[in-house]
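S.K.: Heads up, the sequence shown is in the working numbering, so the first residue is 5 and it goes up one at a time.
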Amino acid sequence: MSSSSLVPDGNSALLIGGKLVPGRGGVFPTVNPADGTVLGHAAKADATDMDAAIAAARTAFDATGWSRDHGFRARCLRQLRDALRNNIEALREITIAEAGAPRMLTSGPQLEGPVNDLGYFADLAENYSWETDLGIAAPMGIKSSRRLRREPIGVVGAITPWNFPHQINFAKLGPALAAGTTVVLKPAPDTPWCAAVVGRIIAEETDIPAGVVNIVTGDDHALGAQLVTDPRVDMITFTGSTRTGRAVMAAAAASLKKVFLELGGKSAFIVLDDADLTAAVSYASFGVCVHAGQGCAINTRLLVPRERHDEAVEIAARTLGNIKPGDPNKSGTVCGPLISDRQRERVEHYLELARAAGGTIVTGGARPERDGYFLEPTLIAGLPNSAIPAQEEIFGPVLVIIPHDGDADAVRLANDSPYGLSGSVWGADPNRVRTVVEGVRTGTLSVNGGIWYSADAPFGGYKQSGIGREMGVAGFEEYTETKLIATGV
Ligand code: NAD
5 MSSSSLVPDG
15 NSALLIGGKL
25 VPGRGGVFPT
35 VNPADGTVLG
45 HAAKADATDM
55 DAAIAAARTA
65 FDATGWSRDH
75 GFRARCLRQL
85 RDALRNNIEA
95 LREITIAEAG
105 APRMLTSGPQ
115 LEGPVNDLGY
125 FADLAENYSW
135 ETDLGIAAPM
145 GIKSSRRLRR
155 EPIGVVGAIT
165 PWNFPHQINF
175 AKLGPALAAG
185 TTVVLKPAPD
195 TPWCAAVVGR
205 IIAEETDIPA
215 GVVNIVTGDD
225 HALGAQLVTD
235 PRVDMITFTG
245 STRTGRAVMA
255 AAAASLKKVF
265 LELGGKSAFI
275 VLDDADLTAA
285 VSYASFGVCV
295 HAGQGCAINT
305 RLLVPRERHD
315 EAVEIAARTL
325 GNIKPGDPNK
335 SGTVCGPLIS
345 DRQRERVEHY
355 LELARAAGGT
365 IVTGGARPER
375 DGYFLEPTLI
385 AGLPNSAIPA
395 QEEIFGPVLV
405 IIPHDGDADA
415 VRLANDSPYG
425 LSGSVWGADP
435 NRVRTVVEGV
445 RTGTLSVNGG
455 IWYSADAPFG
465 GYKQSGIGRE
475 MGVAGFEEYT
485 ETKLIATGV
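1) Name the one or two DSSP bridge partners that residue 141 has.
2) Between which two residues does the alpha helix (DSSP H) containing residue 485 stretch?
3) List, from N- to C-terminal side, the beta strand (DSSP E) runs of 3 residues or more that fit wholly inside the segment 357-443.
4) Just to confirm, does residue 164 get its C-beta within under 8 Å of one of the non-hydrogen atoms of the ligand NAD?
5) Quick one: complete alpha helix (DSSP H) runs, 4+ long, within the segment 263-308?
6) Inspect the beta-carbon positions of residue 100 and residue 303 and report whether they are closer than 9 Å.
7) For residue 54, which residues from the same chain have a beta carbon less than 7 Å from its beta carbon, with the 5 sequence-adjacent residues on both sides left out?
8) Cα-Cα, which of 474, 491, 488 is closest to residue 175?
9) For the structure I just gave you, are there three or more beta carbon pairs, one from the segment 342-352 and one from the segment 400-407, closer than 8 Å?
10) Should residue 433 be labelled buried (16 or more other beta-carbon atoms within 10 Å of its own) or exposed?
11) Rounded to the nearest angstrom, what separates residue 320 and residue 289 at their Cα positions?
12) Whole angstroms is fine: what's the gap from residue 190's alpha carbon to residue 22's?
13) Which of the three DSSP states, helix, strand or coil, is assigned to residue 32?
14) Give a yes or no on whether the minimum CB-CB distance between residue 214 and chain C is below 9 Å.
15) Quick one: residues in its chain with C-beta nearer than 8 Å to the C-beta of residue 88, no 5 flanking neighbours on either side, listed in chain order?
16) Classify residue 145: buried if its beta carbon has 16 or more other beta carbons within 10 angstroms, exposed otherwise.
17) Is any non-hydrogen atom of the ligand NAD found closer than 8 Å to the C-beta of residue 465, if you look at the structure I gave you?
18) Please classify residue 104 as buried or exposed, where buried requires at least 16 neighbouring CB atoms within 10 angstroms.
19) With burial defined as no fewer than 16 other Cβ atoms inside 10 Å of the residue's Cβ, what is the status of residue 374: buried or exposed?
20) If the criterion is Cβ atoms closer than 9 Å, does the pair residue 361 and residue 393 meet it?
21) Shorter than 8 Å, the distance from the beta carbon of residue 235 to the closest heavy atom of the ligand NAD, or not?
22) Using the beta-carbon count (16 or more within 10 Å), is residue 314 buried or exposed?
23) Do residue 367 and residue 325 have their CB atoms nearer than 9 Å?
24) Any heavy atom of the ligand NAD closer than 8 Å to the CB of residue 218?
25) Between 149, 36, 128, which lies nearest to residue 492 when the distance is taken from Cα to Cα?
26) According to DSSP, residue 2 sits in a beta bridge with which residue or residues?
27) Looking only at C-alpha atoms, which of 59, 14, 102, 63 sits nearest to residue 36?
28) Given a threshold of 16 other Cβ atoms within 10 Å of its Cβ, counted over all protein chains shown, does residue 323 qualify as buried or as exposed?
29) In angstroms, rounded to a whole number, what distance separates the CA positions of residue 480 and residue 147?
30) Any heavy atom of the ligand NAD inside 8 Å of the beta-carbon of residue 508?
31) Note down the Cα distance separating residue 356 from residue 241, rounded to an integer number of angstroms.
32) With respect to 8 Å, is the separation between the Cβ of residue 194 and the closest non-hydrogen atom of the ligand NAD below this value?
33) Hey, would you say residue 422 sits closer than 9 Å to residue 246, going by beta carbons?
34) Indicate, with yes or no, if the ligand NAD has a heavy atom lying under 8 Å from the CB of residue 271.
35) Nearer than 8 Å: is that true of the beta carbon of residue 300 relative to any heavy atom of the ligand NAD?
36) Need the endpoints of the beta strand (DSSP E) that residue 202 sits in, please.
Here is the structure:
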């Protein structure tokens, strides 16, 4: 199928109660960040649309057999995966155009990886041990046989950002559908088509029953807030900034619903003094350029041995200087555009703060001579870890380099952050590496270039990087409740 048939007439639709419908708020433009042109329009939902979507999800959960038929759900998930695969080239073009995702990433985490991961969640729906026998006990002298059941939590509100739209949407839809919940997905205003085309595929090419998945696009954050406060919604699964996560958690308190939060990061890349400095620093520098640094788990603080700091600055500057931001459509591009002009200005503001605090922009920092929201890969040196650009998430192709005074100091600096999402350790001595790994307080860690991302590996944050884990069995169980049944015997 071509991208034009997934987005007929350049307009996308909402998916509510199994029907593709226009938004009652009209439409809003979706923009190609690589050149600033309007790609087309997305349906703009209003509060009435969101209300209808929540009602449809509630009915599908309460009044159908969806939540109890594990085998049917597994079949539906595989059917969705296969339908997405059949449309993969159209999805690829939309993802590159709307999210500014470099083409090379669409065969991995920007598209094909998460589509394939739906198969993992289908297997879980079928093979998970929904009931556990806790055996017989005699509390208070009454002999009872106990069974522990897992049941789906109910209606889930999923709120997602724009940076890895498919990865994040499917990391929520996959386990939520496998667990038997029904979902209202509210994607980011910057990437409405990436979600809407999935809605069209669900409606037209799968047997997923009406109301099980509802997709509500719009450019007003109030739609997300409505989902969070509605008492018919049992759980919010949210990925986005720590600031919005805080607002979501506070607003969810009124109806006391479960919140599952995947938030921001400022992860440290620790280079120990016995590591191959060139390999480690080059790897870290390359990492901040991927998708123009718009990844929550990207390692944006590079901690290097003080005695080799200047050498590390040279290596990093050379690597960053060699990576030119370019057309995401081209197969060799690593660093595409930032998502919007607003985001680029936000990044540039941090560069101003770095200069004002006495830091040096060693390389980059400028806008290349081309249309679109590009920024040159940038290295900041000369700042302490306490400076704002070393503490706050920048979400652009920006690396801050900071010297450390040995392993314990590196751990101290890594942990001197409100975040705790990810990180890396590079070193030759496994015992020293292990001590450092055990000291760093983050949800995932890569050692000497190891890759932690996969469907069966739980991902999430310590501290202000979030609450809960996505992916893996742990990520699936987030969408369940436990029920303990004791029978007198
Ligand atoms: P954001 O927090 O601005 O928005 C995320 C989503 O929340 C959007 O859909 C937005 O419309 C919605 N929203 C905004 N205000 C809301 C409110 N008051 N109530 C409910 N919903 C509301 O984030 P963003 O700029 O779209 O994305 C970038 C952020 O996402 C970065 O901080 C990044 O680290 C984070 N992120 C985290 C992970 C992770 O897994 N930990 C993954 C990717 C991105």
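Glycine residues also receive a C-beta, built at the ideal position from the N, C-alpha and C atoms.
M.R.: From the atom records:
1) For residue 141, the beta-bridge partners assigned by DSSP are 148.
2) Counting along the chain, no alpha helix (DSSP H) covers residue 485; the unbroken beta strand (DSSP E) around it starts and ends at 484-492.
3) 364-367, 382-385, 402-408, 427-430, all fully within the segment 357-443.
4) Because some heavy atom of the ligand NAD lies under 8 Å away, the Cβ of residue 164 counts as near it: yes.
5) Runs of the alpha helix (DSSP H) inside the segment 263-308: 281-293.
6) No, Cβ-Cβ distance for residue 100 and residue 303 is not below 9 Å.
7) These residues qualify, in order along the chain: 220, 227, 230, 231.
8) Checking every option, the nearest Cα to that of residue 175 belongs to 474.
9) As far as the Cβ criterion goes, the segment 342-352 touches the segment 400-407, which means the pair count is three or higher.
10) Label assigned to residue 433: exposed.
11) One Cα belongs to residue 320, the other to residue 289, and the distance between them is close to 6 Å.
12) Rounded to whole angstroms, residue 190 to residue 22 spans 16 Å at the Cα level.
13) When DSSP states are grouped into helix, strand and coil, residue 32 belongs to the strand group.
14) Note that chain C does not occur in the displayed structure, where there is just one protein chain.
15) Only 95, 119, 122, 202, 205 meet the Cβ criterion.
16) By the 10 Å Cβ count, residue 145 comes out exposed.
17) For residue 465, the shortest C-beta to heavy atom distance toward the ligand NAD is below 8 Å.
18) Here residue 104 is buried: its Cβ has 16 or more other Cβ atoms, across all protein chains shown, within 10 Å.
19) Per the 10 Å Cβ criterion, exposed.
20) With a cutoff of 9 Å on beta-carbon distance, residue 361 and residue 393 are scored as near each other.
21) In this structure, the ligand NAD has no non-hydrogen atom nearer than 8 Å to the beta-carbon of residue 235.
22) Answer is exposed; the Cβ neighbour count stays below 16.
23) In terms of Cβ geometry, residue 367 and residue 325 form a close pair [threshold 9 Å].
24) False, no ligand heavy atom lies under 8 Å from that Cβ.
25) Out of 149, 36, 128, 149 has the C-alpha closest to the C-alpha of residue 492.
26) Any answer about residue 2 is impossible in this case: the structure gives the chain only from 5 up to 493.
27) Ranked by how close their Cα comes to the Cα of residue 36, the residues 59, 14, 102, 63 have 102 in first place.
28) Result: buried.
29) Distance between the alpha carbons of residue 480 and residue 147: 33 Å.
30) The structure shown does not extend to residue 508, since the chain is modelled only from 5 to 493, so the question has no answer here.
31) In a straight line, the C-alpha of residue 356 is about 34 Å away from that of residue 241.
32) At least one heavy atom of the ligand NAD is nearer than 8 Å to the Cβ of residue 194, so yes.
33) Closer than 9 Å, so yes.
34) Result no, Cβ not under 8 Å from the ligand NAD.
35) Yes - the ligand NAD has a heavy atom lying nearer than 8 Å to the Cβ of residue 300.
36) For residue 202, there is no enclosing beta strand (DSSP E); the residue is part of the alpha helix (DSSP H) that begins and ends at 196-209.
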